[in-house]
Each structure stands twice: as structure tokens, then as C-alpha cells.
Amino acid sequence: MTESQTPRALRAPVDVLVLGAGPAGLVLGNLLLTAGIDCVILERASRTHLRARARAGFLAPNTVRILDRHGLADGLHRSGARHGTCEFRTPEGRFRLDYGALGSGGAHHVYPQQNLVTDLLELYLRRGGRIRFDTEALAVHDADGTRPSVTTRDPDGRRARWTARYVAGCDGRHGAARRSLPPDTARHHLDHGVTWLGLLAEAPPSLDAVGYALHDRGFAGHMARTPQVTRYYLQWQRGTAADAWSEQRIWDELDLRMGAADHGPLHRGPLLERGLFDLTCDVIEPLRHGSLLLAGDAASLLAPAAAKGANLAVLEAEILGGALLDALTRGDTTGLDAYSERCLEHIWRAQEFTGWMTRLLHSAPAPDSGAGSFFQAGLRRSRIASLRTSRVHQDWFAENYVGV
Ligand code: RFL
Numbered sequence: 566m567t568e569s570q571t572p573r574a575l576r577a578p579v580d581v582l583v584l585g586a587g588p589a590g591l592v593l594g595n596l597l598l599t600a601g602i603d604c605v606i607l608e609r610a611s612r613t614h615l616r617a618r619a620r621a622g623f624l625a626p627n628t629v630r631i632l633d634r635h636g637l638a639d640g641l642h643r644s645g646a647r648h649g650t651c652e653f654r655t656p657e658g659r660f661r662l663d664y665g666a667l668g669s670g671g672a673h674h675v676y677p678q679q680n681l682v683t684d685l686l687e688l689y690l691r692r693g694g695r696i697r698f699d700t701e702a703l704a705v706h707d708a709d710g711t712r713p714s715v716t717t718r719d720p721d722g723r724r725a726r727w728t729a730r731y732v733a734g735c736d737g738r739h740g741a742a743r744r745s746l747p748p749d750t751a752r753h754h755l756d757h758g759v760t761w762l763g764l765l766a767e768a769p770p771s772l773d774a775v776g777y778a779l780h781d782r783g784f785a786g787h788m789a790r791t792p793q794v795t796r797y798y799l800q801w802q803r804g805t806a807a808d809a810w811s812e813q814r815i816w817d818e819l820d821l822r823m824g825a826a827d828h829g830p831l832h833r834g835p836l837l838e839r840g841l842f843d844l845t846c847d848v849i850e851p852l853r854h855g856s857l858l859l860a861g862d863a864a865s866l867l868a869p870a871a872a873k874g875a876n877l878a879v880l881e882a883e884i885l886g887g888a889l890l891d892a893l894t895r896g897d898t899t900g901l902d903a904y905s906e907r908c909l910e911h912i913w914r915a916q917e918f919t920g921w922m923t924r925l926l927h928s929a930p931a932p933d934s935g936a937g938s939f940f941q942a943g944l945r946r947s948r949i950a951s952l953r954t955s956r957v958h959q960d961w962f963a964e965n966y967v968g969v
């Protein structure tokens with residue numbers, strides 16, 4: 566049977582179809598549900614997978630304020646931890662920045678993303694929210710009209726068509742929302758030319774700070790997640806497989822780049838997860854195409870260097886929730902009309918700081934010559950020296966580091 570002959574179940578229309586149950590989709594779903602808006606979340610993954618997917622961990626003060634405002638922050642207040650210090654380790658020595666006491670005085674809340682997603686999901690279900698797991702959105706149709714629809718497929722290959730007044734594309738960078746945009750939609754893309762091996766270790770944090778090590782052999786990073794689990798990053802040769810090195814070799818390299826000989830060895834433990842991340846970023850512009858609106862990673866992808874992605878996702882979901890509420894309950898589309906421009910302002914600000922941070926942590930690879938890379942290393946050293954010595958620079962860093 567060809568695809569066009571495949572029977573499709575037609576679902577009853579809803580006000581808002583939300584594609585994806587990550588931080589963006591689940592915050593939005595909770596907001597709409599609480600406001601009495603009829604919505605359904607369509608999620609490709611299983612419930613089990615969703616609750617276990619480890620990603621972000623550092624939530625900005627504004628994210629916590631948003632979650633508080635909507636009664637979504639109980640879990641993170643119960644078991645998250647305030648975090649306001651980072652430590653730079655360089656060949657010239659190490660220094661700490663208590664960013665929670667600098668700049669705007671804001672600190673992070675460390676709370677693993679899978680815990681946040683689990684909390685948001687449980688709240689949504691407890692409030693009677695509708696969600697379809699194991700349901701992949703294939704495409705969004707007729708977004709330029711007032712009755713857009715989404716075709717879906719379940720794991721048995723059964724297809725369905727859902728109709729709605731609006732579709733919220735919260736399905737990440739490889740989702741159906743992005744694929745369904747008109748061909749003339751701009752996708753601004755930047756590749757920082759750096760790859761990270763991201764590691765999740767079953768080991769307690771090795772320092773009471775975010776650790777950024779700038780070593781001649783490349784960057785290494787340390788970020789607490791829970792008292793038992795720590796995230797590490799290693800700058801990695803692009804094209805080399807994530808499993809190319811043994812655990813022993815990875816820990817030895819982490820020790821070397823993080824200066825274990827001078828500052829003490831890292832707490833080692835089994836590596837629970839390895840993943841490769843090219844430090845690339847992009848921005849979709851505009852974020853609205855008729856009845857289809859993009860939020861979170863679907864709208865813009867950030868390199869993980871400055872931990873902004875989940876925070877932007879929550880912010881955009883709140884903005885979108887308010888705009889949809891106005892449109893659906895009062896016929897006021899001012900918020901939807903301004904949605905793209907409003908979010909893009911935040912997105913470009915986050916992209917700018919992420920790019921700055923990426924350049925701070927790595928000497929950009931110089932494809933031309935060794936002299937180029939010597940020059941880049943000099944610039945990087947100077948940036949670090951300024952951050953170490955200038956209070957103005959430190960305040961600027963702190964404000965941007967926690968700002969979304
Ligand atoms: P998500 O979390 O990717 O959720 C999208 C959901 O959509 C589903 N999906 C589909 N569903 C139906 N049909 C389809 N066709 C679908 N295609 C996809 C997926 O299964 C998924 O459930 O996007 P969202 O909600 O926009 O949230 C974005 C954040 O997840 C992301 O930006 C952050 O994780 C980025 N990030 C960090 N952000 C921070 O703010 N602070 C951090 O400390 C931080 N650390 C990180 C990070 C990202 C990392 N990785 C994995 C790149 C650390 C890492 C290692």
C-alpha cells in the first residue's frame with residue numbers, strides 16, 4: 566500500500582496541538598491546560614525514555630521565576646541546589662568567579678533536565694492533560710490557513726491526522742515543525758568548528774564549582790548534576806567516534822586537562838553515557854508561519870557552552886502560552902503577531918553570549934597555519950586575563966551567564 570493509500574484516523578479538532586514533550590512543550594502544555602485551553606501533546610518518544618533523557622542541568626533565575634509563577638517548580642525547590650561559582654583552570658593558573666554575587670546577583674539552580682521533564686509531565690497528567698507518547702509528527706499541513714493539521718505515525722505504522730487552530734512546534738531541531746516551514750524561511754547557521762565529547766559519570770562532583778579547563782590539548786569541563794552524577798566535557802577531534810577511547814584513557818585525559826597534578830584528582834566512576842556534540846548553532850527566522858509557531862530548540866539551537874537552551878525554551882513557552890491564550894479567549898492576536906520578534910531578541914542575545922563563551926573556551930581551529938592558531942591562543946589568553954582582573958568584565962560575564 567502506498568503512503569497516499571494508507572488509511573488515516575481523523576482526530577477531533579483541538580485548539581492547540583503541541584509537538585514535543587521537552588521543556589518547551591511541557592511548560593506550554595501546562596500553561597494552556599491551566600487556562601482551560603483544549604490541547605494535546607504529541608510526543609515521538611515513550612514515557613520511559615522521556616523521563617530518563619539526561620541533558621541540561623543549569624537553570625537560570627528567570628527560568629525558576631517562570632516555573633514558580635505557574636506552580637511548576639516544587640520539585641526543583643525540593644531537590645535542586647543553588648549554584649553560583651565557576652572556576653577557570655588555565656596554563657597560567659586558576660581563578661574563581663562567584664558569579665552569583667557579581668553582576669545582577671543571580672545564580673543557577675542545578676536540577677537535571679530529566680527531573681524537570683518528569684515533574685512537568687506528572688503535573689500535566691495529574692491536571693488531566695492529554696498526551697500521546699510514541700507518536701511521531703510527520704508534517705504540519707495548511708499552516709497558512711485557520712485549520713492546520715498534523716499527520717502522525719505510531720510505532721506500528723498506523724497514521725492519523727490531527728486538526729487544530731494552532732500548532733506549537735516544540736519538537737526540537739530535527740522535528741516536523743522545522744521540516745514543514747516554507748522553503749523561503751531563513752535558517753541562520755554557524756559552526757564554531759569545535760566538537761565536544763559529553764560524558765555523564767556516576768561519580769560525585771570533583772569541585773564545588775563549574776570547572777572550565779583551558780589546556781593546550783583542548784578544553785575540558787566539569788558540571789555538577791546530582792551528588793552522585795557529574796557531567797564532563799572533553800574537546801574532541803571531529804570525526805573520531807565517541808567510543809574510540811577507553812574509560813581509563815578518558816579519565817586520564819580529564820585529569821591532565823583539569824590539572825589534577827596541581828589541583829587534585831577527579832572523582833572517577835563508571836561512564837553512564839557518551840555523546841558527541843558539534844558546537845553549532847542556528848536561528849530560524851521568523852518563528853511564526855501562520856498558525857504554526859516554533860519554540861525551544863525548534864526555534865533556535867545553541868551550542869551547549871553557556872547552558873542557555875533549556876532556559877530559552879521555558880521563556881519562549883511562557884511567551885507563547887500568553888499569546889495563544891489572548892488569541893483563543895479574546896480574539897486578540899497582538900501577542901502572536903509580536904511573538905517572533907520578541908523571542909528573537911532573547912535568542913540573539915543568548916547566541917551572542919554563547920559565541921563569546923565558545924571563543925573563550927577554545928582557540929578557534931586555524932585551518933590556514935600554525936601561526937593562526939598561535940594568534941588565536943594569544944587572544945584567548947588575553948580574554949581570560951581580562952576576566953580574571955577586571956571587575957567590570959566579571960560583572961558583565963556574571964549578568965550574561967545567568968541571564969535569559
Ligand atoms: P527537546 O528537549 O529536544 O524536546 C523536544 C521533544 O520533541 C520530541 N520530538 C518529536 N515529537 C513528535 N514528533 C516529532 N517528529 C518529534 N521530533 C522530536 C522529542 O522526543 C523531545 O521529547 O527540546 P526543547 O523542549 O526545545 O528543550 C530544549 C532543551 O532540551 C535543550 O536546549 C537543552 O537540553 C540544551 N542544554 C542545556 N540547556 C540549558 O539551558 N542548560 C544546560 O545546562 C544545558 N546543558 C544542553 C546541556 C544540551 C545538551 N545536549 C544534549 C546537546 C547539555 C547537553 C549535553
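By this note's numbering, the letter at position 128 of the sequence shown is numbered 693, and the numbering carries on one by one without gaps.
Glycine included, every Cβ here is placed at the ideal spot set by N, Cα and C.
Values in this document were obtained by computation on a predicted structure and should not be read as measured data.
query: Going by the C-beta, is E906 closer than 7 Å to any heavy atom of the ligand RFL?
result: It does not: the Cβ of E906 is nowhere closer than 7 Å to a heavy atom of the ligand RFL.
- prompt: Helix, strand or coil for V969 per DSSP?
  reply: coil
- request: Count the other CB atoms, across all protein chains shown, that sit within 10 Å of the CB of D709; report buried if there are 16 or more and exposed otherwise.
  value: exposed
message: Given 7 Å as the limit, tell me if E883 has its C-beta closer than that to any heavy atom belonging to the ligand RFL.
response: no
Burial state of R743, where buried means 16 or more other Cβ atoms lie within 10 Å: Label assigned to R743: buried.
message: Could you check whether L584 and G590 sit closer than 8 Å to each other, using their CB atoms as the reference points?
response: yes
message: Could you check whether V715 and A702 sit closer than 8 Å to each other, using their CB atoms as the reference points?
response: yes
Nearest residue (CA-CA) to A617, options Q802, G587, L641 and G776: The alpha carbon of A617 has as its nearest neighbour, out of Q802, G587, L641 and G776, the alpha carbon of G587.
message: Comparing C-alpha positions only, which one of Y797, N965, S771 and Y731 sits nearest to G786?
response: Y797
message: What does the alpha-carbon distance come out to for the pair P819 and E812?
response: At residue 819 the sequence reads Leu, which differs from the Pro that was named. Near 10 Å, if we compare the C-alpha coordinates of E812 and L819.
- prompt: What is the residue span of the alpha helix (DSSP H) that E652 lies within?
  reply: Per DSSP, E652 belongs to no alpha helix (DSSP H); it is in the beta strand (DSSP E), C651 to T655.
- prompt: The alpha helix (DSSP H) with C908 in it runs from where to where?
  reply: For C908, the uninterrupted alpha helix (DSSP H) segment begins and ends at T899 to L926.
- prompt: Taking just the CA atoms, how far does H648 sit from F623?
  reply: Per the coordinates, the alpha-carbon of F623 lies some 8 Å from the alpha-carbon of H648.
message: Nearest by alpha-carbon distance to A789: which of Q800, W761, A872 and D749 is it?
response: A872
message: When you measure from the CB of L841 to every non-hydrogen atom of the ligand RFL, does any distance come out below 7 Å?
response: no
task: Specify the secondary structure class of G658 as computed by DSSP and reduced to three states.
output: It is a strand residue.
- prompt: Would the beta-carbon of I621 be found less than 7 Å away from any heavy atom of the ligand RFL?
  reply: Checking the sequence, you will find Ala at residue 621 rather than Ile. Yes; taking the cut-off as 7 Å, the Cβ of A621 has a heavy atom of the ligand RFL nearer than that.
- request: With hydrogens ignored, establish whether the beta-carbon of A586 is closer than 7 Å to any heavy atom of the ligand RFL.
  value: Because some heavy atom of the ligand RFL lies under 7 Å away, the Cβ of A586 counts as near it: yes.
message: Using a Cβ-based criterion (distance less than 7 Å to any ligand heavy atom), does P830 qualify as near the ligand RFL?
response: For the ligand RFL, not one heavy atom lies less than 7 Å from the Cβ of P830.
message: Considering just the uninterrupted stretch of the beta strand (DSSP E) at Q800, what are its terminal residues?
response: Q800: member of the beta strand (DSSP E) spanning T795 to W801, first to last residue.
field: Distance between A619 and L880 (C-alpha atoms, nearest Å)
entry: Distance between the alpha carbons of L880 and A619: 20 Å.
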